[in-house]
Amino acid sequence: MNTRSEIHDRLAYALREARKARGLSLDAVAKLSGVSRSMVSQIERGESSPTVATLWNLTKALQIDFSNLMDSKPAPTIEVVRAAAAPIMQRASGVKIRILSPAESVGDHEVYELSFAAGAALTSDPHSAGCREHLTVLSGRLRLKLGEDEERLSTGDVARYPADRPHEILADAGPARAILIVQGS
């Protein structure tokens, strides 16, 4: 790696492949990194010499190791988030929420694993207009309340409902687990 062109080419390749391997658009990388879309595009085409600060922001957004950026091996095509690394929110209400979707999907398509202690409830204010949720019970039993409507759900049941109004998920018959998909939050 002697010439400036070769450095640009390898850097462009590494960043472009990392972005594609994670299924991110140029816009998504720009939002996650704080680097303009046009600059990301220029760097990926080898047309710009990024600063160390810019490269740092891009590697953090792409979740790649800055020190290995110039490695010649291609980026992995399978992204694995180990169980211990997934972000978890523990609610005082007895609900543990494990975030399964990537950060760049917030507001479009979010996926959560919900773990309810017996008697726990997840109460939600209305989300944005048109938002829908899809709740799949993995184990136990849950009650879903949507205004005056209420449904009892058992293992394997799926409920789809508008989430742009107040709603609540309760585990009053014992512990329960579910997957919640939120579209258009």
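Residues in the sequence shown are numbered consecutively from 105, following the working numbering. Glycine is no exception: its CB is placed at the ideal position from the N, C-alpha and C atoms. Keep in mind it's a predicted model, so treat the numbers as computed, not measured.
Terminal residues of the beta strand (DSSP E) in which residue i lies
i, result
"L284", "280–287"
"V241", "236–243"
"V184", "Here V184 belongs to no beta strand (DSSP E), and DSSP marks it neither H nor E."
"P206", "Taken as a continuous stretch (DSSP letters only), P206 belongs to no beta strand (DSSP E), as it is neither H nor E."
"E151", "Neither: E151 is in no beta strand (DSSP E) and is coded neither H nor E."
"F220", "213–220"
"R264", "262–266"
"A189", "Taken as a continuous stretch (DSSP letters only), A189 belongs to no beta strand (DSSP E), as it is neither H nor E."
"S228", "224–228"
"H231", "Where H231 is concerned, there is no enclosing beta strand (DSSP E), given that its DSSP letter is neither H nor E."
Proximity below 8 Å, CB of residue i to CB of residue j
i, j, result
"L239", "L166", "no"
"G150", "D113", "yes"
"R269", "E183", "no"
"R247", "D229", "no"
"A282", "V241", "yes"
"L226", "I273", "yes"
"M143", "S152", "yes"
"R264", "R256", "no"
"G278", "A224", "no"
Buried or exposed by the 16-neighbour rule on C-beta atoms within 10 Å, applied to residue i
i, result
"H271", "buried"
"F170", "exposed"
"R123", "buried"
"S140", "exposed"
"A280", "buried"
"E237", "buried"
"I168", "buried"
"A196", "exposed"
"V185", "exposed"
"A118", "buried"
Limits of the unbroken alpha helix (DSSP H) element including residue i
i, result
"D290", "Any property of residue 290 remains undetermined from this structure, which presents the chain solely from 105 to 289."
"L128", "Premise fails: L128 is in no alpha helix (DSSP H) and is neither H nor E."
"Q146", "141–148"
"L166", "156–166"
Close beta carbons around residue i, own chain, < 7 Å, minus the five adjacent residues each side
i, result
"A116", "I147, E148, R149, G150"
"V156", "none"
"K200", "I192, Q194, S219"
"A190", "R202, I203, L204"
"V132", "Rather than Val, the amino acid found at residue 132 in this sequence is Ala. Cβ neighbours of A132 beyond the five flanking positions: E208."
"A134", "S140, R141, V144"
Same chain only: Cβ atoms within 6 Å of residue i, ignoring 5 sequence neighbours per side
i, result
"T158", "V139"
"S46", "Not covered by the structure: residue 46. The range shown for the chain is 105 to 289."
The ligand COA heavy atom lying under 7 Å from the CB of residue i
i, result
"S205", "Within the structure as shown, the ligand COA is missing, as the structure has no ligands at all."
Contact set for residue i: own chain, Cβ-Cβ below 8 Å, skip 5 residues either direction
i, result
"W160", "F170"
- [ ] Check whether the segment 210–228 touches the segment 253–261, taking contact to mean three or more Cβ pairs, one atom from each stretch, closer than 8 Å.
- [x] These segments do not touch.
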